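Peer 1:
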Ligand SMILES: [Zn+2]
């Protein structure tokens, strides 16, 4: 799948080092299942990390090592690595991404969606660190404008949406920093389903979203 928007290199590096909160990690795993570009980068990062650990097992990684690791993510990967490692991406027997199926099954239509507001439904997934949810948005629906107190990763699973950062289609990831405020709008031709992970509460401007926030774990 050709994706136009990917997680930041620092996010991929943290994923490869198993240091992302599990909610964010699941979004990355679902993106890797459809994005060879990022899959290769994570494989590179894991190989580099293993090499560094063999060289300097007792020292913490310096900033220069971390910078060089990020730079090396753009170099070609050893193809032999993939002969022993692959992420399942079989979606012929369900529309839910393979990494999520052990938790919630195979079909979006089987989930018990909870209405949040007109045109917006959510399904909360279990996560020990961070919040993880599926959001189903009707065509043309505006989400409340919001900022963030931590990281937010959004993966589009169906349809598409647009916001201040661009247009996001199936497979695309929005890796949003805490300093960004945005208002996603589902495109009008079909509904949109996204997998969203956060590691801090959202910051809403409007009164109604702020009042509803505790009820929907936003
Ligand atoms: Zn990618």
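Residue numbers (my numbering): 285 to 502.
Ideal Cβ positions, reconstructed from N, Cα and C, are used throughout, including at glycine.
Note that the structure is predicted; figures quoted are calculated from it, not measured.
Are the beta-carbon atoms belonging to residue 456 and residue 321 less than 9 Å from one another?
Peer 2: No. Outside cutoff.
Peer 1: Given the structure, does residue 457 come close to ligand 1, in the sense that its CB is under 8 Å from one of the ligand's heavy atoms?
Peer 2: Under cutoff, so the answer is yes.
Peer 1: At a threshold of 8 Å, does residue 314 count as lining ligand 1 (C-beta to nearest heavy atom)?
Peer 2: Flag unset: Cβ of residue 314 not near ligand 1.
Peer 1: How far does the beta strand (DSSP E) with residue 438 in it extend, from its first residue to its last?
Peer 2: It spans 436-442 - the beta strand (DSSP E) in which residue 438 sits, taken as one unbroken run.
Peer 1: Taking the alpha-carbon of residue 411 as reference, which of 301, 316, 328 and 482 has the nearest alpha-carbon?
Peer 2: If we check each option's Cα against that of residue 411, 482 comes out closest.
Peer 1: Return helix, strand or coil for residue 300, following the three-state DSSP convention.
Peer 2: Residue state, collapsed to three classes: helix.
Peer 1: Return yes when the C-beta of residue 319 is under 8 Å from any heavy atom of ligand 1, and no when it is not.
Peer 2: Flag set: Cβ of residue 319 near ligand 1.
Peer 1: Determine the direct distance from the alpha carbon of residue 437 to that of residue 460, and round the result to whole angstroms.
Peer 2: Taking the straight line joining both Cα atoms gives about 6 Å.
Peer 1: Starting from residue 429, trace the beta strand (DSSP E) in both directions and tell me its first and last residue.
Peer 2: No beta strand (DSSP E) holds residue 429; DSSP gives it neither H nor E.
Peer 1: Taking the Cβ atom as the reference point for each residue, do residue 390 and residue 430 lie within a distance shorter than 9 Å?
Peer 2: No, the Cβ-Cβ distance between residue 390 and residue 430 is not below 9 Å.
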